[in-house]
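Counted from 1, the sequence shown has number 1321 at position 193 by the working numbering; the numbering is strictly sequential. Reviewing the structure listed below.
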Amino acid sequence: MNISRTRKLTMTGMLCALAYVAVLVGRVPIVLFLKYDPKDVVIVIGGFLFGPLTSMAISLIVSMVQMVTISANGILGCMMNIISSCSFACTAAYAYKRKHTLPGAMFGLFCGCVCQVVTMMLWNYLIAPIYMGYPREAVVELLLPAFLPFNVIKSGLNAAITMILYKPVVTVLRRSDLIGPERQRQKVRINIGVLLAALLVIGACMVMILLLFK
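What follows is the structure, given as structure tokens:
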């Protein structure tokens, strides 16, 4: 990729700041104590731009800053945030890196969704009883009615918002000369089909949220 190390570090720092702001201002309660925030959208866009290692770095930095500023769950909450973000963003970015096309991006986001849901169901089973202070049996009873729909909604919104925002973000960065000419030629072109698919996913997530609140 034709981009200087300094420019990449600058962009990574900006993405870390944006992801943290997304946590601060974008948290929305979904079910129980579980809240959605759009930081994974920023993290996966960083991965699409610079590769899965960048997604991992942003996840680590933002989760640690979150731990010492606004999180009440300490190191366990930090671990859960890192695992959740990396399972989605790093998986999607890796698939996109291997096939740098629109179908590759869509496939990567789908894989990221599946990986995040499966991974977080496992970690909710293993770790949630510790930081929630609940018996494991009580957590198991919450896996299907609470944790599963939350993680499906979270990953679905992450993927849909990324589909909508990625091209406009790349366009702005290109015009600001923050990404190099090679990346300019490799842009992902959003089309009406992608937009409709994203809106359909968002609509499905909204329906699931309404059903959870019934």
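We put the CB at the ideal spot given by N, CA and C, even for glycine. Please read these numbers as outputs of a predicted model, since none were measured by experiment.
Judged by DSSP in its simplified three-state form, LEU1137 adopts helix. Here ILE1198 carries a coil assignment [DSSP, helix/strand/coil]. The beta carbon of SER1215 sits closer than 6 Å to the beta carbons of CYS1243, GLN1244, THR1247 from its chain, once the five residues preceding and following it are set aside; these are given in chain order. Nearest in C-alpha terms to VAL1151, of all of MET1234, ILE1258, SER1187, is SER1187. In the DSSP annotation of this structure, TYR1262 is not part of any alpha helix (DSSP H), being labelled neither H nor E. PRO1277 and MET1336 have their C-alpha atoms some 7 Å from each other. Contact between THR1290 and VAL1169 holds, since their C-beta atoms are separated by about 5 Å, short of 8 Å. Counting the other CB atoms within 10 Å of its CB gives PRO1296 a total below 16, which places it among the exposed residues. With fewer than 16 neighbouring CB atoms inside 10 Å of its own CB, ASP1305 falls in the exposed class.
Here ALA1217 is near GLY1240, since their CB atoms are less than 8 Å apart.
Within the same chain, Cβ atoms closer than 6 Å to the Cβ of SER1191 are found at CYS1206, ASN1209, ILE1210, the five residues on either side in sequence being excluded. In the structure shown, the three-state DSSP call for LEU1306 is coil. Look at the beta carbons and you see the stretch 1317–1327 not touching the stretch 1250–1264: under three pairs across the two are nearer than 8 Å.
Around the beta carbon of SER1213, 16 or more other beta carbons lie within 10 angstroms, which makes this residue buried. Residues PHE1178 of the same chain have their beta carbon placed closer than 7 Å to that of LYS1136, with the five preceding and five following residues left out of the count. When Cβ pairs closer than 8 Å are counted between the two stretches, the stretch 1254–1268 is seen not to touch the stretch 1222–1242, the count staying below three. Every alpha helix (DSSP H) of 4 residues or more that sits fully in the stretch 1154–1219 is shown, in chain order, as 1167–1178, 1180–1197.
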